[in-house]
Amino acid sequence: MNDSAAAIATEKLAIGGIAGLRVDTWRRLGIAALIVLAAALPFGLSNYHVFELTLVMIYAIAVLGLNILTGYNGQISLGHGGFFAAGAYAAAILMHRYGVPYWATLPAAAFVGFALGVLFGLPALRFEGPYLALVTLAMAVATPQTLKYFSWTGGQQGIHLAKAMPPPGLPIDRDRWLYFFVLVVLLIAIRVAANMLNGRTGRAWMAIRDHSIAAAAMGIHTARYKTLAFGTSTLFTAVAGALSAIVVGFVAPESFSLFLSLSFLVGSAVGGIATIGGAILGGFFIEFVPNFANDISDAAPWAIYGLAMLLFMYAMPRGVVGSVGPLVAWLRARTRRSAAGEQVLSNSTSAK
Amino acid sequence: MTVKQTLRGGLSAVGLMLACGLAYAAGQYGPGASDTEIKIGNTMPYSGPASSYGVLGKVDAAYFGMINQQGGINGRKITLISRDDSYSPPKTVELVRQMVEQDNVLFMYHTLGTPPNMAIHGYLNDNKVPQLFVATGADQWNDPKHFPWTMMWLPSYGTESRIYANYILKNLPDAKIAVLYQNDDYGKDYLNGLRAGLGDKAAKMIVATQSYETTDPTVDSQIVALQASGANVLLTAAIPKFAAQAIRKVYDIGWKPTHFLNSVGNSVGTVMKPAGLEKGVGIISANFVKDPTDAQWQNTPEYKEWLDFMQKHGLSANVTDAQTVVGYSNVQTMVSVLKAAGNNLTRENIMKQAASLHNLTLPMLLPGITLNTSADDFSPIKQMQLQKFDGTTWKLFGDVVSASGS
């Protein structure tokens, strides 16, 4: 009831539009343009830059997973590097030991990520805020050494993966092929995340985040939804880990240090913690800012990195997308105001 | 504009690669080399868990800086691009691709660590970019048949173990050998090296082996089991923490084998002292550089030249760190290879010159140690000198010994 009324209201407001087109249409056009740009980009760039952008998209998927958990459900995780590692090792072991083709490892990594997340989410239900952060931190610090312990993970030496090659007959090189492979996974991930977040599940997550007692009073099964948020989040991050193993072609315990987990959180916060687009900006931050800091100063790159982080947080405390969002809303409101007053009238009647 | 530039850059890089691949580049220069410059790259853990090794990168940069001040090599300046990979393999891949594809380095030199080098091993060999004098001691880097673009520098773990085997064959013919090793490639390199060095006597002489995991709390039970085998020789291939435990336990249970201790775990500060100095008396280990804290070298011109270099380049704080001597000798090897390459600075020729070292001597290596390589031997240092612990320091004894047993 409430939902449909709100939906109608939004719909009517959106009709306002710019230059004769509805805002919603503009948005769709914008997204389509971005996808076309993303698809065209690799053909104008060197192989190395294509590789870099592939990594950006991989980090974006991982951050998207963290955003679902932290941004939309209010659970802080410092351990997503551990789930990233789980996905990477799932892919690596399947490829290396069982000869599974690289693309077929993604569902397995997704399953491993989801199962681990749910298992981890169950005890995590008892913890809130900083305590949950500590529990997940345990995951991050334990991961590298755990990976060294078992022989089937390749121990200290890690695992070399067979090179993921484009399908024979396709006139495209390996870097560009992997770019498109990851791009498709990213688009699917965004689509799935958007569907969940804009639907019933997403609203339940946000209700729990904003006021869990009120959410429970409304009949939301908080335990189930929090566990689901954990599992969904780690599923995304594990898939990103598997992609990283495929693209880099090598996994070792050192690849998944505590800093990786922290990077995800930084990328998430900088991009905009409760946004989908912010995950992509987060990916850019994770990939480029450390390199950029190194270019500026050999002696103190981490000081530059810290400074960049501070600047971002100071200028845009809700992350890039989180801060730009209100600006867009304001612009939209302005264009709406200039639209016919008739609309406002019909709104007020339909809202009754 | 920028896209166009990048495009142009990309296209020319592709063109260059094609040209090299098809051997149309009849000129004397590979990527990154010109009449005035030789561009090379490496990754180092300047931050992160292995950052204590970052000093090696500083020694490299300082040494090339000194060479450039003196006019460079055959009139060309060396540009070393050194980047921080924090010992994280994915980062290494990314940085190395950047150096090879964007910065166009002629080759990679002295990249540090087994996992980071593993991660770029295939990439560099596929693209025929030399991966020279890697800073890791695993035996796998000496595999010219499968990886003709990768060369090691440190005496490998296997080399060191074969040196112990030679000593045992010569001086302890009745040896019954027990081996304690770490259960990974590093520990197994030592075990396999010992077996190879002993040859057909290995099966008879090695009476017991015990391994430990790095997650084990102690190696006490392993030592007790090894003693029970009746062995009179013990080889300990362990990292510092476990090496110290082994030394203490051997002493405490009253076992008196001839104890060989791997160089990975023979530091006085981190192994011998924690174990108890008196408990380590008589232990044998091996070395190949002049330890800067050893008084016998401190009046030699070689030591003074090294000290002068260190002090002039802001490395005074590191003059007791034997690592820096290792780095200093490594970079001297590189300079010698570049000199030998002359005006033919192609990747092929760099590799060819690196594989043609013949009795190269370096000032801070132990007297008698020479570097030798060939088309099927990518392990330059195959000699070490044995040393015995006297309760305070290591004392070199005997001659420099070769792994091949000659």
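Protein sequence lines correspond, in order, to chains A and B.
For the first sequence, the working numbering gives the first residue as 39, with consecutive numbering after it.
For the second sequence, the working numbering gives the first residue as 1119, with consecutive numbering after it.
The C-beta atom is built at its ideal place from N, Cα and C for all residues, glycine as well.
Model, not experiment: these values are computed from the prediction.
| Query | Result |
| --- | --- |
| Secondary structure, alpha helix (DSSP H): runs of 4+ residues fully inside the segment 1258-1325 of chain B | 1275-1289, 1303-1316, 1320-1323 |
| Touch test, the segment 1451-1458 of chain B against the segment 1466-1482 of chain B, Cβ-Cβ under 8 angstroms, three pairs minimum | yes |
| Beta-carbon contacts of PRO355 (chain A) that lie in its chain and below 8 angstroms, excluding the five residues immediately before and after | SER361 |
| Interface residues of the segment 1325-1339 of chain B facing chain A [CB-CB below 8 angstroms] | GLU1331, THR1332, THR1333 |
| Nearest candidate by alpha-carbon position, reference GLY1387 (chain B), set B:ALA1362, B:HIS1377, B:TYR1369 | B:ALA1362 |
| Chain B within 8 angstroms of SER293 (chain A), Cβ atoms only | yes |
| Chain B within 8 angstroms of PRO393 (chain A), Cβ atoms only | Within the shown structure, residues of chain A are numbered from 39 to 390, placing residue 393 (chain A) beyond reach of any answer. |
| PRO1207 (chain B) at chain A interface by Cβ criterion, 8 angstroms | yes |
| Distance between GLY1183 (chain B) and GLN1435 (chain B) (C-alpha atoms, nearest Å) | It is Ala, not Gln, that sits at residue 1435 (chain B) in the sequence shown. Near 19 angstroms, if we compare the C-alpha coordinates of GLY1183 (chain B) and ALA1435 (chain B). |
| Identity of the residue in B:PRO1485, B:GLU1466, B:PRO1498 nearest THR1451 (chain B) by Cα | B:PRO1498 |
| DSSP bridge partner residues for ARG1194 (chain B) (one or two, in chain order) | B:ILE1191 |
| Simplified DSSP assignment, three categories, for TRP1512 (chain B) | strand |
| Interface positions of the segment 187-202 of chain A facing chain B (Cβ-Cβ less than 9 angstroms), listed along the chain | TYR187, SER189, GLY193, GLN194, GLN195, GLY196, HIS198, LYS201 |
| Contacts of ASP1202 (chain B) in chain A (Cβ-Cβ under 7 angstroms) | ASN332, PRO339 |
| THR92 (chain A) versus VAL223 (chain A) - alpha carbon distance | 11 angstroms |
| Cβ pair ILE1156 (chain B), LEU1504 (chain B) closer than 8 angstroms | no |
| Nearest-angstrom Cα separation, counted from LEU59 (chain A) out to PRO1233 (chain B) | 55 angstroms |
| Status (buried if at least 16 other CB within 10 Å, exposed otherwise) for MET256 (chain A) | exposed |
| Counterpart residues of TYR1147 (chain B) in DSSP-defined beta bridges | B:LEU1463 |
| Where the alpha helix (DSSP H) containing MET347 (chain A) begins and where it ends | 339-353 |
| Interface flag, GLY1139 (chain B) vs chain A, CB-CB below 8 angstroms | Legend: pLDDT at GLY1139 (chain B) = 46, less than 50; position of this residue unreliable, value from coordinates given subsequently. Closer than 8 angstroms: no. |
| Sub-8 angstroms separation of SER115 (chain A) and LEU107 (chain A) beta-carbons | yes |
| Length of the line joining the Cα atoms of THR1491 (chain B) and LEU1290 (chain B) | 31 angstroms |
| Sequence-distant residues of its chain with Cβ nearer than 7 angstroms to LYS1246 (chain B) (five each side left out) | TRP1267, ARG1465 |
| Beta-carbon neighbours of SER1165 (chain B), restricted to chain A and to distances below 7 angstroms | TRP340 |
| Length of the line joining the Cα atoms of TYR1142 (chain B) and PHE219 (chain A) | For TYR1142 (chain B), the pLDDT reaches just 41, beneath the cut-off of 50, and the residue's location in the model is therefore unreliable, although a value from the coordinates is still provided. When rounded, the distance between both Cα atoms is 34 angstroms. |
| THR1333 (chain B) versus ALA180 (chain A): straight-line alpha-carbon distance, rounded | 12 angstroms |
| Proximal residues, the segment 65-88 of chain A versus chain B, C-beta separation under 8 angstroms | GLY82, LEU83, SER84, ASN85, TYR86, HIS87 |
| Which of helix, strand or coil DSSP assigns to TYR1227 (chain B) | strand |
| LYS1408 (chain B), DSSP secondary structure in three states | coil |
| Per DSSP, cross-strand counterpart(s) of GLN1503 (chain B) | B:ASN1405, B:VAL1518 |
| CB contact check: GLY287 (chain A) to chain B, cutoff 8 angstroms | yes |
| Cα-Cα separation, GLY309 (chain A) to VAL94 (chain A) | 13 angstroms |
| PHE122 (chain A) - DSSP class collapsed to helix/strand/coil | helix |
| Reference LEU75 (chain A); option with closest CA among A:LEU349, A:GLY137, A:ARG241, A:LEU221 | A:LEU221 |
| Boundaries of the beta strand (DSSP E) in which ASN332 (chain A) is found, first to last residue | From DSSP, ASN332 (chain A) is part of no beta strand (DSSP E) but of the alpha helix (DSSP H) over 315-334. |
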